[in-house]
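**Student:**
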Amino acid sequence: MTQSSSSSKGKRVWRSLAELAGADRHDPTRGREFPEGADTLTVDPVSRRQFLTLMGASAALAGTAGTGCLRKPTQLILPFHRRPEDYLPGEPRHYATTLMVGDQVLGAVVTSMDGRPTKIDGNPAHPMSEGSSSVWAQAEVLDLYDPDRSQQVLHRGAGSSWAALEEAIAETRQALGAQRGANAAFVIAARPSPTQQRLVRALQQAYPQARFYDGDALTPWAEREAWAAAGLAGRTPSYQLRTAKTIVSLDADFLATEGPTVALARQFADGRRLRSSSDEMNRLYVIEPAFSVTGMTADHRLALPSSQVGAFAGLLLRKLAEAGLSLPADTSGVLNALPEAPRDAQAERLATVLAEELMSHRGASAIIAGHRQPAWVHGLALILNTALGNLGHTLRVTRDEASVEWQPLSALATASGIETLIVVGGNPAYTAPSDSGYAAAARGAQRVFRLGYHVDETSEGATWHVPQCHGLEAWGDLRAADGTLSLAQPLIAPLFESWSDIEFLARFLDGEAAEGHGLVQATWRAWSEAPLDFDAAWQRWLHDGIVRTGQPTPERPVFGPIVRLVEGAERLPAPGSGAMEVVFQRDPSVADGRYANNGWLQELPDPVTKVTWDNAAQVSPSTAKRLGLNMNTATVLGHERATVVQVRVGGQSLEIPVFVTPGVAADVILLPLGYGRRMQGRVAQMSPGVDVNPLRSVSHAWFRAGAQVEKTRRTHNLATTQNHHSMEGRGLVREATLAGWREQPDFVQEHELMPAYKLNSLWEEPNPRNGQQWGMVIDLTTCLGCNACTVACQAENNIPIVGKERVMMGRELQWIRLDRYFSIDWDREETWEQPEVLSQPIACMHCENAPCEQVCPVAATVHGPEGTNDMVYNRCIGTRYCANNCPFKVRRYNFFNYVKENDALNPLVEMQRNPNVTVRFRGVMEKCTYCIQRVQRAKEQAKVEATGVVADGVIKPACGQACPTQSIVFGDINDPTTEVSRLKRQSRDYVMLSYLNIHPRTSYLGRIRNPNPALA
Amino acid sequence: MAVIFPRWTNKVPLLLAMGVPFVAVGAVFAISYWFSPKFLEAGYAPPQPVAFSHALHAGDLGLDCRYCHNTVEEAAHAAIPPTSTCINCHANVRTDSPLLHPVREAWATGEPIPWVKVHMLPDYAFFNHSVHVAAGVGCVSCHGRVDQMDVVYQHAPLSMAWCLDCHRNPDPHLRPRGEVTNMAWDRVEANYDPARDPARTRDLNPPQHCSGCHR
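Dropping the structure here:
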């Protein structure tokens, strides 16, 4: 089934439409290691030949000047004046803190190298991270070293002084006080921070007539509205997916971009981690308009336009009621108020089967509605969860004791007479829908104070722009979704003089401390119970990275108002050929644009399309055919010549390239947010993406019906990595259903082309079996394809970015990639448009008979005695034979001095580098090392502690540490008691290309799906 | 017809046959000696900002190496001590010595003393002091008789071949853990055999593969 070259019917996996159509057979570049021109410096005005000439000339000059005769440069050692106690210069230190990452609170442990924070990971003691992290958490550290972050106070766009700012704030404070805050509006990127909430409440008391808006674009307003209607204002949901047997996502990407993804991904994976084929696993149903990471992981997925997801939820409720589920008493009338069910045979069938399954898993299921869905759908989800008995079990409710009343930013549209506008964080001028009223309010105000990390679109019209400091530079406190409270401590003094949001807000109050430390302590002194040694407790909180865990509160929602919400819901028509539906997506890389200046995220391939540096709209192949679009079949490696379409909706229009993607609902066009930034910085400027915010409106912020999509004559080259490093469709990904695995325990073996006994080597096989032998196993069942490993690797191993032009040439450097396969069943027509997806992380396999080692003329890649395939950068002369001979295509070549280029682009990025990993120069091959620096460090530690043997679980490579589902396990395969050995003994363990007799050390556990037998 | 080659050119092949071996042998010798780290690296003794004498402190006064380089047992670096370590004693001792002027000034201003690095490894080679100390390799094995140096110089070539010599056969350089910082300890005198040392509980197993040092 995984033989894409087989012409027989049945299951078939493929990576791109071009591959499916067989068009890439004619691609002359396919047989080449790198595409044509990959080694030509076409991006720069200087050609390779010219470059060599110039280099030769300068080398000659250098020789005559005598610089070559100098002995060596003098290096200085500058010791401390007074070294802090227990400080070991050059040794990494780890501090617990808490960070806001996207829209989730992450309990983090930050690695600091001689005072420089270099890496962010999850805090194992924090219940909402358990040591894992996410794409955004891994990339956050690069944001700290953003060269374009705001560095000085600006007054009407010109540099000013802090003293003048303080004076202006004091004046404003007096004016606000005199008017009791009338005509003043605060637009604050609200965070679940007790201190921020305390200050906002103090401001509300000091200026009772001032208005307070939440300016954060990722706030889940619809959910908040529904919960408030149900009498749960100030409460937050905390899903407990470990015990959930059936999980239903209603347009919610809860595994990657929405809410507490790190915790939910971990719990979800724990609910489907298989030790043996007799284990049970949970089942995930996803109803969504286009593939998200959650949809890629689903056991059953239904593509529905976002506008019809609510109708599906209604259908499900109806089916459950028919099946005999007793609904809460005050929901009477809801069944009559429900919208018409989607006219879709598949939806009907899915709802019937799902209702049956939910009935048998009462109290052990979870219905999660997504942020795109309106309040009434969240209300329906709450009814479903309550009626199914999930409340208090898989859905716990916690109360935010410090919660503040916020108005949504859209309420600004009806506000008038705002003279003073104070904007704290966020970027409403870019992220707010065009009719939100923010722009008018900002124009109309006499003075606008703006605290921002970048001088961005919001800062443009501000009277005063104040630099904001990064979360790693500030004191603070945060409350995670499950109510766990923790402190944030600064890892480094602000690189540029700047204030945190609480320091800025405190300036508008009398009698508050000016420093973040004092502000946070004031909050916690008041919160702490009386008989407590506060200073000792404070030290412990900082050390542990956690103050106290959240306690769920028993709640009884009232559903009367929800029924009225459902009754009053706007019924959008299902899209058809005349009017398409536009669905907006939080971009999996740059979110709402907040990470647009982060090079790692810009170059990170989208989990579904594998497009880098751009935002491409997505439509399904059948819709594309109807619109007459280019079907991505002309792929020449990284080039994707995409048709640009014009999208018109609500009187607005824009032009955007389309990437035709299976899995999008018919007549839906998906538009990712966060690109097309006018002002954010030099990295964001390198992205040619399109700002799709103008198409959004307050009432239709996340999907909008009635769109006209027309093909234009323009095309746009997208840089996509999906066909890079092709392994020519051999049986690489292997999957089965849970029932199938039970029936045929060795299903992974059926793809082997050669029986093991026939695999004989001509030479003595160098398979050392003494001492500790390192190996890795990756569980494809729990892998989400979210890319966290890729960014973690980039942060750990000093991997530079190369830019869009070079990605198009196949020169990206990321050591671990996620191969994404679509899988269809020729015999079932419905799967042609709606395939299943398989993700497979691929890094160096550390083959025991490594083909790369045999061809290196200078022994720059050699085998270590513990089974690692080592890369010796200082020996490498750049023949690239090894990359040619690597069957897995995991070797990356420094065609140019990318590190130097990155340093020129970002002079601060040097501070992020890991000093324990060599920085590679031009002309050097590189690849995954199994994080050899961590292995060696652990071994050295073990030797100092006299055992000499590294205990299991001590070494975690960066990818495995970051993996939100802990799908990557590393350890000693020579010891049968280690976790990795236990996993490798499973019958679904396989290695890729075993018939080459190369014995890769990295093996995979075949993907097990858990479809409902009734839907098979 | 004119003679192109004069008569004496007949001797050229003979001269070449006799001369080339000499030149070749000379070149091999010259390169292997003068181009090697033994010549280029060992003996490097840059002037330091403070006329600190290890011969006085470690030799005559008998200070243990770890009094100043106190991170050597726990960390990769045997860190250069902070100014406060100097002042521990020199707040009372020789408070008016002109040689100590830069130290007093650094202490007063809080600026670091700009010591010049003597033992420099390439950036792609990663060395860890703590693991060598734990194995019982004496300071003197790599750093020489620092207790006799007025100005510290590089004793060993610190070349890869030199590292590997010891990693392939560490025994001659091993001593009891307690004698690591003892510069004058003599293996023959102490009649020490690491194989019979009961304190040694594990195989040493020094890495000889690339990633042991290159990461």
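Sequence lines, in order, name chains A and B. Using the numbering used here, read the first sequence as starting at 1 and increasing by one per residue. Using the numbering used here, read the second sequence as starting at 1017 and increasing by one per residue. Beta carbons: idealized from backbone N, C-alpha and C, even for Gly.
1. Is it buried or exposed, T861/A, if we count other Cβ atoms within 10 angstroms and call 16 or more buried?
2. Any idea if R1023/B is buried or exposed, counting beta-carbon neighbours within 10 angstroms, 16 or more meaning buried?
3. According to DSSP, which residues form a beta bridge with S112/A?
4. What residues from chain B crowd round H81/A, counting only those whose CB sits closer than 8 angstroms?
5. Looking only at DSSP bridge pairs, what is K927/A linked to?
6. Spatial neighbours of L1235/B within its chain, please: C-beta separation below 7 angstroms, excluding the five flanking residues on both sides.
7. Would you tell me roughly how many angstroms separate the C-alpha atoms of S332/A and P490/A, rounded to the nearest one?
8. Chain B beta carbons: is any one of them nearer than 7 angstroms to that of P73/A?
9. Assign N902/A to one of three DSSP states: helix, strand, or coil.
10. Could you give the first and the last residue of the continuous alpha helix (DSSP H) run that contains L738/A?
11. I'd like the span of the beta strand (DSSP E) that includes L354/A, first residue to last.
12. Mark T67/A as exposed unless 16 or more other C-beta atoms lie within 10 angstroms of its C-beta, in which case mark it buried.
13. In the region 884–913 of chain A, which residues sit with their C-beta less than 8 angstroms from some C-beta in chain B, listed in chain order?
14. Does chain B have any CB closer than 7 angstroms to the CB of G314/A?
15. Whose C-beta lies closer than 6 angstroms to the C-beta of R856/A among residues of the same chain, with five residues either side of it excluded?
16. According to the neighbour-count rule (16 or more other Cβ atoms, all chains shown, within 10 Å of its Cβ), is S839/A buried or exposed?
17. Identify the contact partners of F1142/B in chain A, using a Cβ-Cβ distance below 8 angstroms as the criterion.
18. For N787/A, is the classification buried or exposed, using 16 other Cβ atoms within 10 angstroms of its Cβ as the cut-off for buried?
19. Enumerate in chain order the residues of its own chain whose CB-to-CB distance from S528/A is below 8 angstroms, with the five nearest sequence positions on each side excluded.
20. For I368/A, which residues in the same chain have their Cβ closer than 8 angstroms to its Cβ, ignoring the five residues on either side in sequence?
21. I1044/A CB to nearest chain B CB: under 7 angstroms?
22. Output, in chain order, the set of chain B residues within a Cβ distance shorter than 9 angstroms of V91/A.
23. Who are E735/A's beta bridge partners in DSSP?
24. How far does the alpha helix (DSSP H) with L203/A in it reach, from first residue to last?
25. Could you spell out where the beta strand (DSSP E) holding G476/A opens and where it closes?
26. State the start and end residues of the unbroken alpha helix (DSSP H) segment that holds D501/A.
27. By how many angstroms is the C-alpha of G864/A removed from the C-alpha of E764/A?
28. Can you list, in chain order, the residues of its chain whose CB lies under 7 angstroms from that of I801/A, leaving out five sequence neighbours each side?
29. Need the endpoints of the beta strand (DSSP E) that P237/A sits in, please.
30. Return yes when the Cβ of I955/A is within less than 7 angstroms of the Cβ of V969/A, no when it is not.
31. Name, please, each residue of chain B whose Cβ falls closer than 7 angstroms to the Cβ of L78/A.
32. Since S278/A is in the beta strand (DSSP E), which residue starts that stretch and which ends it?
33. Determine, using beta carbons only, whether G66/A comes closer than 7 angstroms to chain B.
34. Could you name the residues of the same chain whose beta carbon sits closer than 7 angstroms to that of R93/A, not counting the 5 residues immediately before and after it, in chain order?
35. Checking 7 angstroms against the spacing of the C-beta atoms, do D544/A and A125/A come in under that value?
36. Determine the chain B residues that contact V862/A at a beta-carbon separation under 8 angstroms, and present them in chain order.
**Tutor:** Short version:
1. Residue numbering aside, residue 861/A sits at position 861 when the first sequence is read from its first letter. Burial is judged here by how many other beta carbons sit within 10 angstroms of a residue's own beta carbon; T861/A has at least 16 and is buried.
2. The residue given as residue 1023/B occupies position 7 in the second sequence. Looking at its Cβ environment, which holds fewer than 16 other Cβ atoms inside 10 Å, R1023/B is exposed.
3. Position 112 of the first sequence holds residue 112/A. Paired residues: R93/A and P117/A.
4. To locate residue 81/A, count along the first sequence from 1; it is residue 81. Simply P1098, T1099, S1100, A1122, W1123, G1126, E1127 and P1128.
5. Residue numbering aside, residue 927/A sits at position 927 when the first sequence is read from its first letter. In DSSP, K927/A forms no bridge with anything.
6. With chain B covering only 1017 through 1231, there is no way to say anything about residue 1235/B.
7. The count along the first sequence starts at 1 and reaches residue 332/A at position 332. The count along the first sequence starts at 1 and reaches residue 490/A at position 490. Roughly 52 angstroms separates the two Cα atoms.
8. To locate residue 73/A, count along the first sequence from 1; it is residue 73. No, its Cβ sits nowhere closer than 7 angstroms to a Cβ of chain B.
9. Locating residue 902/A in the first sequence gives position 902, counting from the first residue. Looking at N902/A - three-state DSSP - the assignment turns out to be helix.
10. On the first sequence, position 738 is the one that residue 738/A refers to. Here the alpha helix (DSSP H) through L738/A covers L738 to E743.
11. On the first sequence, position 354 is the one that residue 354/A refers to. Looking at the DSSP string, L354/A is not in any beta strand (DSSP E); the run it does join, the alpha helix (DSSP H), is A345 to S360.
12. Residue numbering aside, residue 67/A sits at position 67 when the first sequence is read from its first letter. With a pLDDT of 43 at T67/A, under the threshold of 50, the modelled position of this residue cannot be trusted, and the question is left open.
13. Per Cβ criterion, the list is empty.
14. Translated into the one-based positions of the first sequence, residue 314/A becomes position 314. It does not: the Cβ of G314/A has no partner Cβ on chain B nearer than 7 angstroms.
15. Start at 1 with the first residue of the first sequence, and residue 856/A comes out as number 856. The identity of residue 856/A in the sequence shown is Cys, whereas the question assumes Arg. C882, listed in sequence order.
16. Taking the first residue of the first sequence as position 1, residue 839/A is located at position 839. Counting Cβ neighbours within 10 Å, S839/A comes out buried, since at least 16 surround it.
17. As a first step, residue 1142/B is located in the second sequence; it is residue number 126 there, counting from the start. Residues of chain A passing the Cβ test: N916, Q933 and Q936.
18. On the first sequence, residue 787/A is found 787 positions in, with the first residue counted as 1. So N787/A counts as buried.
19. The count along the first sequence starts at 1 and reaches residue 528/A at position 528. Once the five neighbours on either side are set aside, the close Cβ partners of S528/A are F534 and A537.
20. Counting from one through the first sequence, the residue named residue 368/A turns up at place 368. So the qualifying residues of the chain are Y239, I247, V248, S249, L250, A252, F254 and A381.
21. Outside the modelled stretch of chain A, which goes from 1 to 1016, sits residue 1044/A, for which no answer is possible.
22. Taking the first sequence and counting its residues from 1, the one referred to as residue 91/A is at position 91. As written in the sequence, residue 91/A is Glu, which differs from the Val given in the question. T1087, E1090, A1091, A1092 and H1093, listed in chain order.
23. Translated into the one-based positions of the first sequence, residue 735/A becomes position 735. Note: E735/A sits in a beta bridge opposite R1007/A.
24. Here residue 203/A refers to the residue found at position 203 of the first sequence. From DSSP, the alpha helix (DSSP H) with L203/A extends over P194 to A206.
25. On the first sequence, residue 476/A is found 476 positions in, with the first residue counted as 1. G476 to R479 is the extent of the beta strand (DSSP E) around G476/A.
26. Your numbering for residue 501/A matches position 501 in the first sequence. Here the alpha helix (DSSP H) through D501/A covers D501 to A506.
27. Counting from one through the first sequence, the residue named residue 764/A turns up at place 764. Counting from one through the first sequence, the residue named residue 864/A turns up at place 864. Whole-angstrom Cα-Cα distance: 17 angstroms.
28. Counting from one through the first sequence, the residue named residue 801/A turns up at place 801. The answer, listed in chain order, is G599, W600, E603 and N902.
29. Within the first sequence, the letter at position 237 stands for residue 237/A. First-last of the beta strand (DSSP E) with P237/A: R235 to Y239.
30. On the first sequence, position 969 is the one that residue 969/A refers to. On the first sequence, position 955 is the one that residue 955/A refers to. No, they are not a contact pair.
31. The residue you call residue 78/A lines up with position 78 of the first sequence. Here the neighbours are P1128 and P1130.
32. Counting from 1 along the first sequence, the entry for residue 278/A is found at position 278. For S278/A, there is no enclosing beta strand (DSSP E), as DSSP marks it with neither H nor E.
33. Position 66 of the first sequence holds residue 66/A. The predicted model places G66/A with a pLDDT of 42, which falls under 50 and marks its position as unreliable; any figure quoted below should be read in that light. No, because no Cβ of chain B sits closer than 7 angstroms to the Cβ of G66/A.
34. Working through the first sequence from its first residue, we reach residue 93/A at position 93. The answer, listed in chain order, is S112.
35. In the first sequence, the residue the question calls residue 544/A occupies position 544. In the first sequence, the residue the question calls residue 125/A occupies position 125. Closer than 7 angstroms, so yes.
36. As a first step, residue 862/A must be located in the first sequence, where it is residue number 862. Correct list: H1225 and C1226.
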